[in-house]
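In my numbering, the protein residues as written are 802 to 1234.
All C-beta atoms, glycine included, are put in the ideal place defined by N, C-alpha and C.
What follows is a single structure, written as structure tokens, with notes after it.
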Amino acid sequence: MMASDELDRFTVLYITHVLYALICLQLRSTLSLLVLVLSAGRRHRLMVQQCANSAFSALLQLGPSLLPRVSRKCWMRVRSKDWWDRVVLKEFSDAEWREHFRMTRGSFDKLCALMEEVLRPQDVTVRAPIPLQMRVAIVLYKLASCAEYKVIANKFGVHKTTVKKFVYSFCKGMVSSVINRLIRAPTAEEARAITRRFEEKFCIPQVVGCIHRTHIPVLPPSDGFKHFVNRKGWPSYILQAVTDDTCRFWNINCQMPGSTADADVLRQAALYSQAHLLPQEPKEISGSSVNLFLLGDPAYPLLDWLITEYAPSPHLTAEQESFNAYVRSARTTVDTAFGKLKSRWRVLLRKCDFHYTFIPHVIATCCALHNFCEVEEEGFSPAWTEEAAVMERRMLQPDVFPCGESECSDGQRVRLTLTEYLRINFPLHKSEF
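Quick look at the structure:
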């Protein structure tokens, strides 16, 4: 019995060892197979990568031979600057300078000095830079003629992208810095001189400027086109400006699209929010204190600092009609300024090849150049006005619609005082407009 139990234990132990050995052998075989599979995968990936690299290298070597060879004919196209270098700089008279660039050579040199900081050539090593004088001349020629970039490029012997770059740089530089020297509100002393000259010319005291607006053509975006269409049916920006008695601008706003009402343009302008900063020079007129003010048409609201005409009505008295006649006579200064502005810079009379967001820069630049020419007492050709009138007839200015807002009580008081002053001291006039 004893021998039988030992035999059973031995058998169990033997079988256990055999099973353990089989399990270890199986596990080893499985691990070996797994290592083999992984190694094969790496070899396969390495083989695929090597094949791809070989194919790409072969393609790089073979590609140029399959493509047609194009040899570059020239590094830079030869263009002639003969018209500028030989004709303009050496042969042009002052009359020819004025015809092409809207100013004489002396004024042109002053403008170049004024714009030197924003338009002077940068140091380059590849080719000689275009001189400052030529850059300014290119811009003036574009603004005065409204010619295409390609036409101007051929005339000056440069590429059309160069013309565009100079125009954009000039206008942006003018608006960012130089314009503040050319368009600014009058000082107290200057305001007194302006009011004195206005009164001497047009009989109305305390006038420091006249405000009006004009529409400038634009190529509008397809999205939002209707916002630019004015009452005459063509797309525009609105230029609102204030001029003194010498037809110089001392405040402008040209950010609003053509569909905006005149009263809304005024409210969006810095002039409206900063009117309290205008010179304060009150004067006693017919027993009432009257401060300095602007003159405007009935499209603007009547304010204590903005006196407008009486709205058209069959019930106006003779004194009121006479007041309107005197106001309209004084307001011819701003109409004259707009006429000179567009005649000098005909870029404002056409839908030019500028992006619509850049047009306000162009308008502001032209206003600043207008003031520069007026300060330099540059001559003005009647032929420019005739040409501008023909161009402007293609896009007539919208009519004036009276502002329907309630009138300011202080504005009413000032207007009544002025009406009575003109009735007492000057003959009654009947408007011819």
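Which residues does DSSP pair with Met-1057 in a beta bridge?
-> For the purposes of this step, residue 1057 is taken as the residue at position 256 of the sequence shown. DSSP lists Ile-1039 as partners of Met-1057.
Span of the beta strand (DSSP E), counted from its first residue to its last, around Cys-1011 | Here the question's residue 1011 lines up with position 210 in the sequence shown. Looking at the DSSP string, the run of the beta strand (DSSP E) that includes Cys-1011 is 1008 to 1018.
Which value, in whole angstroms, describes the spacing of the CA atoms of Pro-1203 and Pro-1099?
-> Residue mapping note: residue 1203 aligns to position 402 of the sequence shown, counting from 1. Residue mapping note: residue 1099 aligns to position 298 of the sequence shown, counting from 1. Going by the C-alpha atoms only, they are around 5 Å apart.
Exposure of Lys-1141, with buried meaning 16 or more beta-carbon neighbours within 10 Å = For the purposes of this step, residue 1141 is taken as the residue at position 340 of the sequence shown. So Lys-1141 ends up on the buried side.
Measure from the alpha carbon of Leu-933 to the alpha carbon of each residue in Arg-921, Ala-1169 and Lys-943, then state which is nearest.
-> On the sequence shown, residue 933 is found 132 positions in, with the first residue counted as 1. If we check each option's Cα against that of Leu-933, Arg-921 comes out closest.
Enclosing beta strand (DSSP E) for Leu-1150 [first to last residue] = For this step, residue 1150 is matched to residue 349 along the sequence shown. Leu-1150 -> no beta strand (DSSP E), and no H or E assigned at all.
With which residues is Asn-1052 paired in a DSSP beta bridge?
-> Indexing the sequence shown from 1 puts residue 1052 at position 251. Its beta-bridge partners are Val-1043.
Reduced DSSP secondary structure (H/G/I, E/B, other) of Ser-970 | Position 169 of the sequence shown holds residue 970. Here Ser-970 sits in helix by DSSP.
Below 7 Å CB to CB, which residues in the same chain sit around Val-940 once its five sequence neighbours on both sides are set aside?
-> Within the sequence shown, numbered from 1, the residue matching residue 940 stands at position 139. Phe-967, Val-968 and Phe-971, listed in sequence order.
Name, in chain order, the residues that DSSP records as bridge partners for Ile-1108.
-> For the purposes of this step, residue 1108 is taken as residue 307 along the sequence shown, with counting starting at 1. DSSP output for Ile-1108 lists Leu-1096 as bridge partner(s).
Under 8 Å by Cβ, that's how I've got Phe-1050 and His-1171 pegged, so tell me the actual separation to the nearest angstrom.
-> To locate residue 1050, count along the sequence shown from 1; it is residue 249. To locate residue 1171, count along the sequence shown from 1; it is residue 370. Between His-1171 and Phe-1050 the Cβ distance is about 7 Å, and since that is below 8 Å, they are a contact.
Mapping DSSP to helix, strand and coil, what is Ser-1207?
-> One-based indexing of the sequence shown puts residue 1207 at position 406. If DSSP states are grouped into helix, strand and coil, Ser-1207 belongs with coil.
Whole angstroms is fine: what's the gap from Ser-1144's alpha carbon to Trp-1185's?
-> Here residue 1144 corresponds to residue number 343 of the sequence shown, with the count starting at 1. Here residue 1185 corresponds to residue number 384 of the sequence shown, with the count starting at 1. In a straight line, the C-alpha of Ser-1144 is about 5 Å away from that of Trp-1185.
Would you check if the distance between the CB atom of Leu-1072 and the CB atom of Ile-1164 is smaller than 7 Å?
-> Reading the sequence shown from its first residue, position 271 is the one you call residue 1072. Reading the sequence shown from its first residue, position 363 is the one you call residue 1164. In this structure, Ile-1164 does not lie closer than 7 Å to Leu-1072 by Cβ.
Would you list the residues sitting across from Ile-995 in a DSSP beta bridge?
-> Along the sequence shown, one-based indexing puts residue 995 at 194. Ile-995 pairs with nothing; no bridge assigned.
According to DSSP, residues forming a beta bridge with Glu-1085 = The residue labelled residue 1085 in the question sits at position 284 within the sequence shown. Note: Glu-1085 sits in a beta bridge opposite Ser-1090.
Is Ser-1037 buried or exposed, if buried means 16 or more other CB atoms sit within 10 Å of its CB?
-> Residue numbering aside, residue 1037 sits at position 236 when the sequence shown is read from its first letter. By the neighbour-count rule (16 or more Cβ atoms within 10 Å), Ser-1037 is buried.
Count the CB pairs spanning the segment 1148 to 1158 and the segment 1015 to 1023 that are closer than 8 Å, and state whether there are at least three.
-> yes
Exposed or buried, which one is Leu-1093 when buried takes at least 16 other CB atoms within 10 Å?
-> Position 292 of the sequence shown holds residue 1093. That one is buried.
Would you list, in sequence order, the uninterrupted beta strand (DSSP E) runs of no fewer than 3 residues that lie entirely inside the segment 929 to 976?
-> none
Are the Cβ atoms of Ala-1119 and Leu-1223 separated by less than 7 Å?
-> Residue numbering aside, residue 1119 sits at position 318 when the sequence shown is read from its first letter. Residue numbering aside, residue 1223 sits at position 422 when the sequence shown is read from its first letter. Contact: no.
Meets three-Cβ-pair contact criterion under 8 Å: the segment 973 to 993 and the segment 943 to 963 | no
Roughly how many angstroms lie between the CA atoms of Glu-1206 and Pro-1102, to the nearest whole one?
-> Taking the sequence shown and counting its residues from 1, one reaches residue 1206 at position 405. Taking the sequence shown and counting its residues from 1, one reaches residue 1102 at position 301. Spanning the two alpha carbons is a distance of roughly 6 Å.
Buried or exposed for Ala-929, please, with buried defined as at least 16 other CB atoms from any protein chain shown within 10 angstroms of its CB.
-> As a working mapping, residue 929 is identified with position 128 in the sequence shown. So Ala-929 ends up on the exposed side.
Taking only the alpha-carbon atoms, compute the straight-line gap between Pro-1080 and Val-1008 and give it to the nearest angstrom.
-> The residue given as residue 1080 occupies position 279 in the sequence shown. The residue given as residue 1008 occupies position 207 in the sequence shown. Near 12 Å, if we compare the C-alpha coordinates of Val-1008 and Pro-1080.
What are the boundary residues of the alpha helix (DSSP H) that Thr-1186 is part of?
-> Taking the first residue of the sequence shown as 1, we reach residue 1186 at position 385. From DSSP, the alpha helix (DSSP H) with Thr-1186 extends over 1183 to 1193.
Is Ala-1190 buried or exposed, if buried means 16 or more other CB atoms sit within 10 Å of its CB?
-> By one-based count along the sequence shown, residue 1190 stands at place 389. Looking at its Cβ environment, which holds fewer than 16 other Cβ atoms inside 10 Å, Ala-1190 is exposed.
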